[in-house]
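**Student:** Let me give you the structure first, and then I'll get to my questions.
Protein chains: 2
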Amino acid sequence: MPILPISIVMQLTDLTARQIRYYEEQKLISPARTEGNKRMFSLNDVDALLEIKDYLEQGLNVAGIRKLYETKEMPLNDQAEPKTLSDAELRNLLREEMKHLARPFSQASQRHGDLSRFFK
Amino acid sequence: MPILPISIVMQLTDLTARQIRYYEEQKLISPARTEGNKRMFSLNDVDALLEIKDYLEQGLNVAGIRKLYETKEMPLNDQAEPKTLSDAELRNLLREEMKHLARPFSQASQRHGDLSRFFK
DNA sequence: AATTAGATGTTAGAAAATCTAACATGTGTT
DNA sequence: AACACATGTTAGATTTTCTAACATCTAATT
Numbered sequence: 001m002p003i004l005p006i007s008i009v010m011q012l013t014d015l016t017a018r019q020i021r022y023y024e025e026q027k028l029i030s031p032a033r034t035e036g037n038k039r040m041f042s043l044n045d046v047d048a049l050l051e052i053k054d055y056l057e058q059g060l061n062v063a064g065i066r067k068l069y070e071t072k073e074m075p076l077n078d079q080a081e082p083k084t085l086s087d088a089e090l091r092n093l094l095r096e097e098m099k100h101l102a103r104p105f106s107q108a109s110q111r112h113g114d115l116s117r118f119f120k
Numbered sequence: 121m122p123i124l125p126i127s128i129v130m131q132l133t134d135l136t137a138r139q140i141r142y143y144e145e146q147k148l149i150s151p152a153r154t155e156g157n158k159r160m161f162s163l164n165d166v167d168a169l170l171e172i173k174d175y176l177e178q179g180l181n182v183a184g185i186r187k188l189y190e191t192k193e194m195p196l197n198d199q200a201e202p203k204t205l206s207d208a209e210l211r212n213l214l215r216e217e218m219k220h221l222a223r224p225f226s227q228a229s230q231r232h233g234d235l236s237r238f239f240k
């Protein structure tokens with residue numbers, strides 16, 4: 001259900017249009033388009049963006065998040081191919097990301113579906 | 121929470137932009153505005169529009185619906201004044217509307233909060 | 001210290017969506 | 001026939017969003 005224009009998604013996620021478009025370019029989200037080529041977002045997209053934001057704040061980079069989605073789950077692009085990923089590839093990636101993860105996990109990331117606050 | 125542009129509300133309610141703007145002009149709804157003066161609708165607005173549509177299809181006219189809102193409840197403009205309405209005024213109105221209500225209430229109007237179908 | 005890569009900021013010009021206002025139309029009422 | 005109500009249609013202006021390019025900042029590499 002793509003119902004939200006980018007301006008609203010910006011407010012909801014506190015991301016800039018630039019960031020949102022970049023994440024799409026990087027295949028992290030796939031918002032729908034109007035006939036006139038305007039992006040329209042679903043609530044799922046917003047959820048995904050909040051998750052992406054969370055991961056980024058935790059030090060992951062876009063490539064890493066993409067890999068996560070390609071393997072663990074595929075919450076955005078409903079592409080039918082599970083995309084086989086070699087163990088080495090994955091371990092290498094994770095090790096790479098580890099270097100950035102120099103953060104004491106204070107408040108855990110248990111706040112994803114927090115869109116609830118927007119809907120009385 | 122005004123989050124929906126008029127184009128989406130049109131799809132959701134199957135109303136034309138003209139109709140939606142007219143109902144606002146007639147004080148049946150009060151959508152928010154962006155800084156640039158674009159209308160932004162809440163889910164409540166959409167609900168109200170579906171209700172309005174229902175009433176209109178049942179033969180009520182805009183003035184009648186407005187009166188209903190002014191008395192029974194006030195689901196849209198959170199105006200603080202209950203607006204005292206004389207009995208005569210009300211009875212007169214209802215009698216007026218009765219003339220239009222030449223419809224055997226086949227499928228009752230028990231389908232208002234049916235926005236659920238839009239949200240998985 | 002200089003370079004590179006990743007993420008984001010900024011800008012320009014074009015295209016799409018929405019706005020208001022005016023006038024037109026259809027249908028039922030007087 | 002004239003009228004009122006609800007809606008259609010159109011025009012011109014304004015806002016929003018788009019893509020593409022180039023700029024900047026930070027962290028990692030050389």
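Residue numbers (my numbering), protein chains in the order written: chain A, 1 to 120; chain B, 121 to 240. Using N, Cα and C, we set each Cβ at its ideal position, and we do this for glycine too.
In chain order, what residues of the same chain have a beta carbon less than 7 Å from the beta carbon of B/ILE172, not counting five sequence neighbours either side?
**Tutor:** TYR143, LEU148, ILE185
**Student:** Could you name the residues of the same chain whose beta carbon sits closer than 8 Å to that of B/MET121, not counting the 5 residues immediately before and after it, in chain order?
**Tutor:** Cβ contact annotation for B/MET121 (same chain, cutoff 8 Å, sequence separation greater than five): SER162, LEU163, in chain order.
**Student:** Exposed or buried, what is A/ASP45 when buried is set at 16 or more other beta-carbons lying within 10 Å of its beta-carbon?
**Tutor:** buried
**Student:** Rounded to whole angstroms, what is the Cα-Cα separation between A/LEU68 and A/THR34?
**Tutor:** 29 Å
**Student:** Step through the CB atoms of chain A and report whether any lies within less than 9 Å of the CB of B/ILE149.
**Tutor:** Chain A, which has no Cβ nearer than 9 Å to the Cβ of B/ILE149, makes this no.
**Student:** Using the three-state DSSP reduction, which class does A/LEU4 fall into: helix, strand or coil?
**Tutor:** The answer is strand: DSSP assigns A/LEU4 an E or B state.
**Student:** Use the C-beta contact count for B/ARG138: other C-beta atoms within 10 angstroms, 16 or more gives buried, fewer gives exposed.
**Tutor:** exposed
**Student:** With a threshold of 8 Å on Cβ separation, who are the neighbours of A/THR16 within its own chain once the five nearest residues in sequence on each side are excluded?
**Tutor:** Hits under 8 Å: MET10.
**Student:** Can you tell me where the alpha helix (DSSP H) holding B/THR191 begins and where it ends?
**Tutor:** 182 to 191
**Student:** Using C-beta distances below 6 Å, list every residue in its chain close to B/VAL182, excluding the 5 sequence neighbours before and after it, in chain order.
**Tutor:** Cβ neighbours of B/VAL182 beyond the five flanking positions: GLN146.
**Student:** Is it the case that the Cβ atoms of B/ILE123 and A/LEU4 are separated by a distance below 9 Å?
**Tutor:** yes
**Student:** Just by C-beta distance, which residues in the segment 46 to 76 of chain A are closer than 9 Å to chain B?
**Tutor:** Cβ contacts with chain B: none found.
**Student:** So, B/ILE140 versus B/LEU169, is the Cβ gap smaller than 9 Å?
**Tutor:** One thing to note: B/ILE140 has its Cβ within 9 Å of the Cβ of B/LEU169.
**Student:** How far does the alpha helix (DSSP H) with A/GLN58 in it reach, from first residue to last?
**Tutor:** Element bounds for A/GLN58: n/a, residue is neither H nor E.
**Student:** Using a Cβ cut-off of 9 Å (strictly closer), state whether B/MET130 contacts chain A.
**Tutor:** no
**Student:** Is B/ILE126 near the ligand SAH - that is, is its Cβ less than 8 Å away from at least one heavy atom of it?
**Tutor:** This structure lacks the ligand SAH, and indeed carries no ligand of any kind.
**Student:** Under 7 Å Cβ-Cβ, which residues of chain A neighbour B/LEU124?
**Tutor:** ILE3
**Student:** By the three-class DSSP mapping on this structure, what secondary structure does B/SER229 have?
**Tutor:** Here B/SER229 scores only 35 on pLDDT, less than 50, and its place in the model should not be relied on; the value that follows carries that caveat. Looking at B/SER229 - three-state DSSP - the assignment turns out to be coil, as it is neither helix nor strand.
**Student:** In the DSSP output, what is A/ALA17 paired with across the bridge?
**Tutor:** BP columns for A/ALA17 are empty, so no partner.
**Student:** When you compare only the Cα positions, how much space is there between A/LEU60 and A/LEU12?
**Tutor:** 22 Å
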